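S.K.: The C-terminal residue of the sequence shown carries number 616 in my numbering, and the numbering is unbroken. Have a look at the structure that comes next, please.
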Amino acid sequence: MLISFSLVLAWLLRFDFTLPYRVLLFSSLPLLVLIRLAAIARFQLLHGWWNYTGLSDALDVFKAVTVGSVAFILFMHFVLDVTGFPRSVYILEPLLTAVFLIGVRMSSRVLAESVRQDMTSCKKVILIGAGTAAQTAVREVKRQNIGYAPVGYVDDDPSKKGLKIDGIPVIGSVAEIPQLVGRYHVDEILIAVPSASGKQMQRFVEICERAEVKFRTVPALPDIIAGRVNISQFRDVHVEDLLGRDQIEINLESVKNEILNRVVVVTGAAGTIGSELCRQIVEYEPGALLCVDQNETGMFYLQRELAKVQNGTSQIFCVADVGDRERMQSIFMKHSPDIMFHAAAYKHVPVMEENVPEAVKNNIFSLVNLLEVAQQNGCQAFVLISSDKAVNPTSVMGATKRIAELLVSSQPAHGMRCVSVRFGNVLGSSGSVIPVLQEQLRNNQPLTITDPRVNRFFMTTQEAVSLVLQAFAIGERGDTLVLDMGSPIRILDLARTLIRLSGKTEQQVDIMFTGLREGEKLTEELFYSTEEISPTSFPKIKKTRNPVMPYNDLLTRLEELRATLFLDGAAPIRAKIKELVPEYLPSSNCTITVTRETERLAKAVGL
10 MLISFSLVLA WLLRFDFTLP YRVLLFSSLP LLVLIRLAAI ARFQLLHGWW NYTGLSDALD
70 VFKAVTVGSV AFILFMHFVL DVTGFPRSVY ILEPLLTAVF LIGVRMSSRV LAESVRQDMT
130 SCKKVILIGA GTAAQTAVRE VKRQNIGYAP VGYVDDDPSK KGLKIDGIPV IGSVAEIPQL
190 VGRYHVDEIL IAVPSASGKQ MQRFVEICER AEVKFRTVPA LPDIIAGRVN ISQFRDVHVE
250 DLLGRDQIEI NLESVKNEIL NRVVVVTGAA GTIGSELCRQ IVEYEPGALL CVDQNETGMF
310 YLQRELAKVQ NGTSQIFCVA DVGDRERMQS IFMKHSPDIM FHAAAYKHVP VMEENVPEAV
370 KNNIFSLVNL LEVAQQNGCQ AFVLISSDKA VNPTSVMGAT KRIAELLVSS QPAHGMRCVS
430 VRFGNVLGSS GSVIPVLQEQ LRNNQPLTIT DPRVNRFFMT TQEAVSLVLQ AFAIGERGDT
490 LVLDMGSPIR ILDLARTLIR LSGKTEQQVD IMFTGLREGE KLTEELFYST EEISPTSFPK
550 IKKTRNPVMP YNDLLTRLEE LRATLFLDGA APIRAKIKEL VPEYLPSSNC TITVTRETER
610 LAKAVGL
């Protein structure tokens, strides 16, 4: 219509609003329309969203009109050999066509902005991904009116380019984001690929950083599936997203068969692992869930959170010290638990090096009490949460966890099924490296790292707990089950990633190396060299068997350890621990200042 109208109007202007040579006019019209449409298609003028027309779109219109006009003139004179066509119309028609094409687009933009008078407060966004998650997110954004104005999707599937989904077009690929941000005046990128791997997320973030645009992401897939968050609750990208591992799939049926209608108790329920255990266990509909912790404030918040789950499970919150045998006995006698997950333990290596007796009391003798109370009250299964620090320990904390593993594996062959689950660090746990570095970044402080060579195993809390539950379902009496942690991650690389996500550069943030503290290692291990490692029915879980000391003999040795708690100093305690765990090699490296070796390594990594 616009093309036809432009030619007729140009003819009228040329002949003072009369229409002579009508045969020439209307016979040339089909050729002009065909050429103009071909040029429009070539320059993709029908793509994009007209509500956001800008200067770059106007330039594309002029290019398309110019190319079309040249082609039309060549056809008329050299192919069809038409004579008598007014030369002034060759000039007037393309000018009118360009004005009309740009005018229609600008009118669409003006109309959209006038209809939505509050659009100035909305952020123009592009969504990475054009799949179900992105489409659902857009529908939720529109329904909830949360201040986003979607411009379009970007997707690496070439078959989707140009498609319109609920009125919003797929405007390009992920690699084109830097150009699209300028073209559509985008304020923010929303990453709508909840199943993206760590490597994919790293690519998305790098491209967004190159485009110098803010970016956010949809929540993690496990949180969406569990119903804890809505897909439209966009959040900042976390370091966990960039270090993320492939999505795990556990045998939900096997776990549910173990937990359904049972009475389950979780100690350390207010902690990072304990609280996630409670969140996931309650979804399997146990008859009752007993949450035990001495942290009253943490229990308050956990109680409020779990209250949202109404599936018939009785939720019981017990503020108690697991070292108080009488209190734990009363809890077991009252509620008769079938399954126990023991996640209450001291975990901070440097703190426990200075409080050796407390580490022994809590991590060893509280466990002895719990095992005996559980056995006496008919508990059917006991799961110990262990640590990679139990392997070739250099710290008191690690050595106590190793003794805990030995206690569990040496339980009598009849009665309660006892297993240990060993794994490394979980991302973001309280007091761990990531929250500490994030706090330093917020306070504009130097980031402190013990040594540039230090690396650790990491996994997300949700993944760790899912695998713990799977390990519990497949574990046999006396097993130590070890989770697949992937490759270790260098803490220095972690710090650099956090700097990037904070919006700062490495030149703006100092990194200081303080030296290893007492009890710390450069790298952790998941297995002893002497352990027999066997596969299980689940690829991400391995099984080991430890040499079993008769339980009564182990208790006798532990009573000797208990006697050292009343002596002066930690040396007798460490010596007795060494007898129980020959692999224990206490570390005396308590460097406070940066050593020359650390300085040399810092220079080697460019700091």
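Where a beta carbon is used, it is the ideal one built from N, C-alpha and C, also for glycine. Quick caveat: nothing in here was measured; it's all calculated off a predicted structure.
#1: What are the boundary residues of the beta strand (DSSP E) that Glu258 is part of?
#2: If you drop the 5 nearest sequence neighbours on each side, which residues of the same chain put their C-beta closer than 7 Å to that of Val222?
#3: Applying the 10 Å Cβ sphere with the 16-neighbour rule, what's the burial state of Ala354?
#4: Do Leu105 and Ser36 count as a contact pair if the criterion is CB distance below 8 Å?
#5: From Pro559, Asn453 and Pro187, pick the residue whose C-alpha is nearest to that of Arg219; which is it?
#6: Between the Cα of Ile49 and those of Ala67, Leu380 and Leu34, spot the shortest distance and give me the residue it belongs to.
#7: Rounded to whole angstroms, what is the Cα-Cα separation between Asp330 and Asp460?
#8: Are the segment 448 to 459 and the segment 508 to 523 in contact at 8 Å, needing three or more beta carbon pairs?
#9: For the candidate residues Val590, Phe341 and His357, whose alpha-carbon lies nearest to that of Ser275?
#10: Alpha carbon to alpha carbon, what distance is there between Gly176 and Val248?
#11: Quick one: grab the DSSP three-state call for Phe341.
#12: Which of the three DSSP states is assigned to Arg554 in this structure?
#13: Does the segment 422 to 430 touch the segment 391 to 401, meaning 3 or more C-beta pairs lie closer than 8 Å?
#14: Is the beta carbon of Arg271 sitting closer than 8 Å to the one on Phe243?
#15: Mapping the DSSP letters down to three states, classify Thr489 as helix, strand or coil.
#16: Hey, Gly296 and Ser263: beta-carbon distance below 8 Å or not?
#17: Report yes if the C-beta distance between Val291 and Leu298 is below 8 Å; otherwise report no.
#18: Using a Cβ-Cβ cut-off of 7 Å (strictly less than) and excluding sequence neighbours within five positions of Pro595, which residues of its own chain qualify?
#19: If you reduce the DSSP assignment to three classes, tell me which class Pro187 lands in.
#20: Measure the alpha-carbon distance for Ser511 versus Ser441 and round it to whole angstroms.
#21: According to DSSP, is Lys513 helix, strand or coil?
#22: Using 8 Å as the threshold, is the C-beta distance between Glu534 and Val382 below it?
#23: Give the secondary structure of Ser543 by DSSP, where H, G and I count as helix, E and B as strand, and everything else as coil.
#24: In angstroms with no decimal places, state the Cα-to-Cα distance between Arg431 and Leu172.
#25: Who are His86's beta bridge partners in DSSP?
#26: Inspect the beta-carbon positions of Pro359 and Gly528 and report whether they are closer than 8 Å.
#27: Within 10 angstroms of the Cβ of Leu570, are there 16 or more other Cβ atoms? Answer buried if so, exposed if not.
#28: Identify the continuous alpha helix (DSSP H) that holds Val369 and give its terminal residues.
#29: Using the C-alpha atoms, what's the distance from Glu185 back to Phe3?
#30: Anyone know if the C-beta pair for Glu305 and Val328 falls short of 8 Å?
#31: Could you give the C-beta distance for Leu136 and Pro159, rounded to a whole number, given that I count them as a contact under 8 Å?
#32: In terms of residues, what are the limits of the alpha helix (DSSP H) holding Ala19?
#33: Is the segment 360 to 374 close to the segment 551 to 564, with three or more CB pairs under 8 Å?
#34: Given a threshold of 16 other Cβ atoms within 10 Å of its Cβ, counted over all protein chains shown, does Met10 qualify as buried or as exposed?
#35: Quick test of your reading: Ala368 and Val590, contact by CB under 8 Å. State the CB separation rounded to the nearest angstrom.
#36: Kindly confirm or deny that the segment 89 to 104 and the segment 21 to 33 touch, where touching means at least three C-beta pairs closer than 8 Å.
M.R.: Straight from the coordinates:
#1: Counting along the chain, Glu258 falls outside any beta strand (DSSP E), and DSSP gives it neither H nor E.
#2: Val190, Val195, Glu197 and Ile198
#3: buried
#4: no
#5: Pro187
#6: Ala67
#7: 36 Å
#8: yes
#9: A small correction: the amino acid at residue 275 is Val; Ser does not occupy that position in the sequence shown. Of the listed residues, the one whose Cα sits closest to Val275 is Phe341.
#10: 34 Å
#11: helix
#12: The answer is strand: DSSP assigns Arg554 an E or B state.
#13: Touching, yes.
#14: no
#15: strand
#16: no
#17: yes
#18: Thr403 and Arg583
#19: helix
#20: For Ser511 and Ser441, the distance between alpha carbons rounds to 18 Å.
#21: coil
#22: Cβ distance not < 8 Å, so Glu534 and Val382 don't count as in contact.
#23: Here Ser543 sits in strand by DSSP.
#24: 49 Å
#25: DSSP output for His86 lists no bridge partner at all.
#26: Yes, these two residues count as a Cβ contact at 8 Å.
#27: buried
#28: Val365 to Val369
#29: As displayed, the chain neither begins before 10 nor continues past 616, which places residue 3 out of reach and without an answer.
#30: yes
#31: 6 Å
#32: Leu11 to Arg23 is the extent of the alpha helix (DSSP H) around Ala19.
#33: With the cut-off at 8 Å, the segment 360 to 374 and the segment 551 to 564 do not touch.
#34: exposed
#35: Rounded, the Cβ-Cβ distance is 13 Å, inconsistent with contact.
#36: Touching, yes.
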